[in-house]
Every structure is written in structure tokens, then in C-alpha cells.
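Residue 1 is where the sequence shown starts when you use the numbering used here, and the numbers rise one by one after that.
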Amino acid sequence: GQDIHTNLIQVEYPKPGETIKSPIVLKGQARGYWFFEASFPVELLDSHGKTLVQKSAQAQGDWMTENFVPFLVTLSFTSTTSQSAVIVLHRDNPSGLPENDDSISIPVVISPN
């Protein structure tokens, strides 16, 4: 569930279930160890699980910390229909070890451009 992650990463916008339009500025805060080299991957999946856009969220401050660091990422995408979608925020995992994999998913609704 979402709740176990609130001590690691918190998304301020968009909230789960929110309707979004391109481009959206996704923002929130994550602890320093969610980042690697001041960024982490974010993707928007359509209702079929296809990646509409993938970008790196950038830390808006010093990420060499265990504290919360604000992040921002602008997602631009094309959708011709209204559909449910999911934003996935991945913990950056340079080690490639599965035990370091982590992510949170935020269900949203895309409205057409």
C-alpha cells in the first residue's frame, strides 16, 4: 500500500484519482536515498500498461542526505482519449539489486490534449 511509503516519498501533485492534462508538473519530496545523482525515474503508463512518457525527476536541493528533498518533473504526453493511467515513481537503483528496487504508483485519469 501507499502508506508504508510516506516515510520515504510523498507526492504533492497529482493526488491519486486526479485528472491530469499534458504537460503536468509532478512535485513532491523524497528522502535522499530515493535519488541517485540527484534524480530518479518517473513514468506514466496508459490503461494498457504502455509507457507514455518516462523522465527523470530532479532533486531541488542537496540529495546527499537522509532527509526529505523536494523534487520536480514535467511530464508531457499525448493522449487522444480520456483513460485511466498510472504514474510510477521508481527509486533509483544503480546497484541493480532487486532488494533495492522500490516504487510507488499513483492512479490518475488522463484527459485528452
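A virtual CB, placed ideally from N, CA and C, is assigned to each residue, including glycine.
The model shown is predicted, which means the values in this text are computed figures rather than measured ones.
Per DSSP, reduced to three states, the secondary structure at residue 107 is strand.
Shown here for residue 79: same chain residues with a beta carbon closer than 6 Å to its own, the five before and five after excluded, namely 110, 112 in chain order.
Residue 42 sits away from residue 76, with the two beta carbons spaced by 8 Å or more. Per DSSP, reduced to three states, the secondary structure at residue 49 is coil, with no helix or strand assignment. With contacts defined by Cβ atoms closer than 8 Å, residue 108 and residue 14 form a contacting pair. Across the structure, residue 66 and residue 32 are spaced so that their CA atoms are roughly 5 Å apart.
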